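**Student:** Attaching a single structure in structure tokens format; questions to follow.
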Amino acid sequence: MRKRWLILGAIGALVLVAVLGWWGYRQYQTNRSLETFLNNKYQRAFFEMTSQVQNLEVLFAKSVIVTDPSLAIMLLMDIRQQAAFAQANLGQLPLNDMLAGRTARFLAQAGEYGNSLSREILQGGVIEAKHRETLNSLYQQSAELNRELQGVQARVAQNNSYFGAFFEEVRNNLQKTPDNIVQTDFAALDKQMQRYPTLVYDGPFSEHLERVEPKNLSGMAEIQPEEAQNKALAFIEKSPGVNYAAVVTGMTNGRIPAHRVEVTPEGDSEQKTVLDISQKGGKAIWMFNSRPIGEPNVSIDQARQNALQFLHDRGFGEMSPTYYLRQGNSVMFNFAAVQKNVILYPDLVKVTVALDNGGIIGTEATGYLMSHGQRDLPEPKVSKEQAQSAINPSLVVSGGRLVLIPAGVTGEKLAYEFPAKLGEDNYLVYVNALTGREENVLRLIETSDGTLTM
Numbered sequence: 305m306r307k308r309w310l311i312l313g314a315i316g317a318l319v320l321v322a323v324l325g326w327w328g329y330r331q332y333q334t335n336r337s338l339e340t341f342l343n344n345k346y347q348r349a350f351f352e353m354t355s356q357v358q359n360l361e362v363l364f365a366k367s368v369i370v371t372d373p374s375l376a377i378m379l380l381m382d383i384r385q386q387a388a389f390a391q392a393n394l395g396q397l398p399l400n401d402m403l404a405g406r407t408a409r410f411l412a413q414a415g416e417y418g419n420s421l422s423r424e425i426l427q428g429g430v431i432e433a434k435h436r437e438t439l440n441s442l443y444q445q446s447a448e449l450n451r452e453l454q455g456v457q458a459r460v461a462q463n464n465s466y467f468g469a470f471f472e473e474v475r476n477n478l479q480k481t482p483d484n485i486v487q488t489d490f491a492a493l494d495k496q497m498q499r500y501p502t503l504v505y506d507g508p509f510s511e512h513l514e515r516v517e518p519k520n521l522s523g524m525a526e527i528q529p530e531e532a533q534n535k536a537l538a539f540i541e542k543s544p545g546v547n548y549a550a551v552v553t554g555m556t557n558g559r560i561p562a563h564r565v566e567v568t569p570e571g572d573s574e575q576k577t578v579l580d581i582s583q584k585g586g587k588a589i590w591m592f593n594s595r596p597i598g599e600p601n602v603s604i605d606q607a608r609q610n611a612l613q614f615l616h617d618r619g620f621g622e623m624s625p626t627y628y629l630r631q632g633n634s635v636m637f638n639f640a641a642v643q644k645n646v647i648l649y650p651d652l653v654k655v656t657v658a659l660d661n662g663g664i665i666g667t668e669a670t671g672y673l674m675s676h677g678q679r680d681l682p683e684p685k686v687s688k689e690q691a692q693s694a695i696n697p698s699l700v701v702s703g704g705r706l707v708l709i710p711a712g713v714t715g716e717k718l719a720y721e722f723p724a725k726l727g728e729d730n731y732l733v734y735v736n737a738l739t740g741r742e743e744n745v746l747r748l749i750e751t752s753d754g755t756l757t758m
């Protein structure tokens, strides 16, 4: 009898251990799920806040130099909006008031100043020297905060850390309150994930216009798949003495409906080139060759000439190189169409050149196909000198040329483009060639790989 009770007791103990083990495992799984959920929440809020602070830096930089009231109002309203978004995301992070207080106050003050100054201008006020001093101070602070946040991203990426664990470390370790606003709440958020998304540069006014129908393809007939194959073969750059085969692999229904074509050199199925050929007109929308690229042997200048010749040979007409961005062992150039010495920024073509042999490995012509056509360009009513007088006198202005820039969804404006400098910051200022009003300001970011605009 006693033996039986011992056996039952042992079984009961085993069952209890099993139940406790199962309960513990379920608790562990629940905690892991919660940890993952919170980590994703913190990560999303942090990345969005970083993006918004970066936008604030650019907006403040532009607001310091603008002179046109309507453009200033637009920038200031954007500042208010971005500051509000950044505040909301900051509030999602597990930081107490000691850590987040000053950053939150900075964002609140930045948004409030943008709001109050825009209202003042709407009521007939002008941006005075005292306003520019405040805007410049806010620009410097937002730039410093942006640098700190980029450092935080780099640290988390380098250590492969969870955001939740990272902020817990911050709460435990950060006790002192630094004096500088940027070093306040995020002084300990040191060296994290490099920049949030990689910037892919298309050049000034690179946003392709959303037209009902691509202007460059207007009136053209539909082509059959066999003709699309021939168009693809005619477009790509071929090696001498090599035969190529083209096959349509499907249809795409994007902004410009297209035949998807793969082109393969004979005997080398790994060296595929993929193209989208427009169903209407048979134009190459984009092309990409994924071959491995060797060590650079070609200069940027030679690569630019190769790209320009490639476009000329394929009937693109007069094109002007604008900006470029080097990407590893290749370089992407932006070309805009030219009419009567006016740069047509909406008519953009991107060409990627491999720097090992100077070959063309990629093109993207959506902007060109959506916008290009012969235009009835107006004569400027304002001289270049008169247009330059509309620019903030604090800027050091050089050059100046006529360009066509997008305005709204389908509109365009003739403007003078002026490169300008304030301290170490570079800008492009656009002044309407018909009214003499400042139309837009872009900030130039110089890098070792090329020039970015924001």
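Sequential numbering of the sequence shown, starting at 305, is according to our numbering.
Where is the CB? At the ideal position from N, CA and C, for every residue including glycine.
What you are looking at is a predicted structure, and each value in this text was computed from that prediction instead of being measured.
Taking all protein chains shown into account, decide if H616 is buried (16 or more other Cβ within 10 angstroms of its Cβ) or exposed.
**Tutor:** Here residue 616 is taken as the residue at index 312 of the sequence shown, counted from 1. The residue in question, H616, is exposed, as its Cβ has fewer than 16 Cβ neighbours within 10 Å.
**Student:** Keeping to the same chain, check which residues put their C-beta closer than 6 Å to that of P600; ignore five residues upstream and five downstream.
**Tutor:** Counting from one through the sequence shown, the residue named residue 600 turns up at place 296. Here the set comprises N633 and L659.
**Student:** For R451, does the count of other Cβ atoms within 10 angstroms reach 16, so buried, or fall short, so exposed?
**Tutor:** In the sequence shown, counting from the first residue as 1, residue 451 sits at position 147. Classification for R451: exposed.
**Student:** On the criterion of 16 or more Cβ atoms from any shown chain inside 10 Å, does G724 qualify as buried, or is it exposed?
**Tutor:** Taking the sequence shown and counting its residues from 1, the one referred to as residue 724 is at position 420. Before going further, note that residue 724 is Ala rather than Gly in the sequence given. Burial call: buried.
**Student:** Give me, in chain order, the residues of the same chain whose beta-carbon lies closer than 8 Å to that of I425; leave out the 5 immediate sequence neighbours on both sides.
**Tutor:** Within the sequence shown, numbered from 1, the residue matching residue 425 stands at position 121. Excluding residues within five positions, the ones whose Cβ falls inside 8 Å are P373, A376, I377, L380 and I431.
**Student:** In whole angstroms, what separates the C-alpha of E574 from that of I665?
**Tutor:** Here residue 574 corresponds to residue number 270 of the sequence shown, with the count starting at 1. Here residue 665 corresponds to residue number 361 of the sequence shown, with the count starting at 1. Distance between the alpha carbons of E574 and I665: 14 Å.
**Student:** Decide yes or no for the touch test of the stretch 732-751 against the stretch 683-690: beta carbon pairs closer than 8 Å, at least 3 of them.
**Tutor:** With the cut-off at 8 Å, the stretch 732-751 and the stretch 683-690 touch.
**Student:** Given a threshold of 16 other Cβ atoms within 10 Å of its Cβ, counted over all protein chains shown, does Q391 qualify as buried or as exposed?
**Tutor:** Here residue 391 refers to the residue found at position 87 of the sequence shown. Buried: at least 16 other Cβ atoms inside 10 Å.
**Student:** Whole-angstrom Cβ separation of V653 and E622, contact assumed at under 8 Å?
**Tutor:** Taking the sequence shown and counting its residues from 1, one reaches residue 653 at position 349. Taking the sequence shown and counting its residues from 1, one reaches residue 622 at position 318. Between E622 and V653 the Cβ distance is about 12 Å, and since that is not below 8 Å, they are no contact.
**Student:** Go through its chain and collect everything with a Cβ distance to P684's Cβ below 6 Å, but skip five positions before and after it.
**Tutor:** Walking along the sequence shown from the start, residue 684 turns up at place 380. Excluding residues within five positions, the ones whose Cβ falls inside 6 Å are A737.
**Student:** Tell me the rounded alpha-carbon separation between P518 and A669.
**Tutor:** Residue mapping note: residue 518 aligns to position 214 of the sequence shown, counting from 1. Residue mapping note: residue 669 aligns to position 365 of the sequence shown, counting from 1. For P518 and A669, the distance between alpha carbons rounds to 11 Å.
**Student:** Roughly how many angstroms separate the alpha carbons of N534 and A550, rounded to a whole number?
**Tutor:** In the sequence shown, the residue the question calls residue 534 occupies position 230. In the sequence shown, the residue the question calls residue 550 occupies position 246. If you draw a straight line from the Cα of N534 to the Cα of A550, it comes to about 8 Å.
**Student:** Going by alpha carbons, who is nearest to R436 out of D651, L726 and S603?
**Tutor:** Residue mapping note: residue 436 aligns to position 132 of the sequence shown, counting from 1. Considering only alpha carbons, the answer is L726.
**Student:** So, under 8 Å CB-CB, A562 and Q528 are touching, yes? Tell me the CB distance rounded to an integer number of Å.
**Tutor:** Numbered from its first residue, the sequence shown carries residue 562 at position 258. Numbered from its first residue, the sequence shown carries residue 528 at position 224. Rounded, the Cβ-Cβ distance is 13 Å, inconsistent with contact.
**Student:** Going by DSSP, name the residue or residues bridged to T755.
**Tutor:** Here residue 755 corresponds to residue number 451 of the sequence shown, with the count starting at 1. According to DSSP, T755 bridges with E750.
**Student:** If you count every other CB in all the chains shown that lies within 10 Å of the CB of D572, and 16 or more means buried, which is it?
**Tutor:** Working through the sequence shown from its first residue, we reach residue 572 at position 268. D572 should be labelled exposed.
**Student:** For K717, count neighbouring C-beta atoms within 10 Å of its own C-beta (all shown protein chains included) and say buried if the count is 16 or more, exposed if not.
**Tutor:** Walking along the sequence shown from the start, residue 717 turns up at place 413. K717 sits buried, since 16 or more C-beta atoms from the chains shown fall within 10 Å of its C-beta.
**Student:** Pull up the CB-CB distance for L421 and A387, whole angstroms please, since I reckon it's below 8 Å.
**Tutor:** Here residue 421 is taken as the residue at index 117 of the sequence shown, counted from 1. Here residue 387 is taken as the residue at index 83 of the sequence shown, counted from 1. The pair is not a contact, with the Cβ atoms about 13 Å apart (cut-off 8 Å).
**Student:** By the 10 Å Cβ neighbour count, where 16 or more other Cβ atoms means buried, how is Y505 classified, buried or exposed?
**Tutor:** Residue mapping note: residue 505 aligns to position 201 of the sequence shown, counting from 1. Any reading at Y505 needs caution, since the residue's pLDDT is 36, under 50, leaving its predicted position unreliable; the model's value is listed next. That one is buried.
**Student:** Can you list, in chain order, the residues of its chain with a C-beta nearer than 6 Å to that of F592? Leave out the 5 residues immediately preceding and following it.
**Tutor:** The residue you call residue 592 lines up with position 288 of the sequence shown. The residues are V578 and G666.
**Student:** Work out the CA separation of T407 and K480 for me, nearest whole Å.
**Tutor:** If you number the sequence shown from 1, residue 480 lands on position 176. If you number the sequence shown from 1, residue 407 lands on position 103. Its pLDDT being 39, under 50, K480 is placed unreliably in this model, and the coordinates cannot settle the point.
**Student:** Within the continuous beta strand (DSSP E) that includes Q631, where are the two ends?
**Tutor:** Within the sequence shown, the letter at position 327 stands for residue 631. Following the DSSP letters along the chain, one finds Q631 inside the beta strand (DSSP E) bounded by residues M623 to Q631.
**Student:** Starting from the C-beta of N419, find all residues in its chain whose C-beta is less than 7 Å away, skip the five residues before and the five after it, and write them out in chain order.
**Tutor:** As a working note, residue 419 is residue 115 in the sequence shown. Answer for N419: R384, listed in chain order.
**Student:** For D382, which residues in the same chain have their Cβ closer than 7 Å to its Cβ, ignoring the five residues on either side in sequence?
**Tutor:** Within the sequence shown, numbered from 1, the residue matching residue 382 stands at position 78. Correct list, in chain order: L363.
**Student:** If you follow the beta strand (DSSP E) that P710 is part of, which residue opens it and which one closes it?
**Tutor:** Locating residue 710 in the sequence shown gives position 406, where the first residue counts as 1. That run of the beta strand (DSSP E) goes R705 to A711.
**Student:** Are the Cβ atoms of V567 and A607 separated by less than 8 Å?
**Tutor:** The residue given as residue 567 occupies position 263 in the sequence shown. The residue given as residue 607 occupies position 303 in the sequence shown. Going by C-beta atoms, V567 is not nearer than 8 Å to A607.
**Student:** To which residues of the same chain is K366 closer than 7 Å at the C-beta, ignoring the five residues directly before and after it?
**Tutor:** As a working note, residue 366 is residue 62 in the sequence shown. The answer, listed in chain order, is L379, V745 and R747.
**Student:** If we ignore side chains and look at the alpha-carbon of each, how far apart do P482 and R409 end up?
**Tutor:** For the purposes of this step, residue 482 is identified with residue 178 of the sequence shown, where counting begins at 1. For the purposes of this step, residue 409 is identified with residue 105 of the sequence shown, where counting begins at 1. With a pLDDT of only 35 at P482, under the threshold of 50, the placement of this residue in the model should not be trusted; the figure read from the coordinates follows. Computed Cα separation, rounded: 15 Å.
**Student:** If you draw a straight line from the alpha carbon of T755 to that of V655, how long is it in whole angstroms?
**Tutor:** Here the question's residue 755 lines up with position 451 in the sequence shown. Here the question's residue 655 lines up with position 351 in the sequence shown. In a straight line, the C-alpha of T755 is about 16 Å away from that of V655.
**Student:** On a CA-only basis, which of E352, E526 and E570 is nearest K542? Give me that one, please.
**Tutor:** Here residue 542 refers to the residue found at position 238 of the sequence shown. Minimum Cα distance to K542 is reached at E570.
**Student:** Give me the residue from I589, T438 and A349 with the minimum Cα distance to D651.
**Tutor:** What you label residue 651 is simply residue 347 of the sequence shown in a count that begins at 1. Closest option to D651, Cα to Cα, is I589.
**Student:** Give a yes or no on whether the C-beta atoms belonging to I581 and A538 are separated by under 8 Å.
**Tutor:** Within the sequence shown, the letter at position 277 stands for residue 581. Within the sequence shown, the letter at position 234 stands for residue 538. Contact flag unset, no.
**Student:** Identify which residue in A536, A719 and I749 has its Cα closest to the Cα of G585.
**Tutor:** Counting from 1 along the sequence shown, the entry for residue 585 is found at position 281. Measuring from the Cα of G585, the nearest candidate turns out to be A536.
**Student:** My parser needs the beta strand (DSSP E) runs of 3 or more residues fully inside the stretch 625-669; what are they?
**Tutor:** Fully enclosed beta strand (DSSP E) runs of 3 or longer: 634-643, 646-658 and 664-668.
**Student:** When we look at the beta-carbon of A525 and count the other beta-carbons within 10 Å, is it buried (16 or more) or exposed?
**Tutor:** By 1-based counting over the sequence shown, the position of residue 525 is 221. So A525 counts as exposed.
**Student:** Is the shortest distance between the beta-carbon of R679 and the beta-carbons of chain C less than 8 Å?
**Tutor:** Of the chains in the structure shown, none is chain C; there is only one protein chain.
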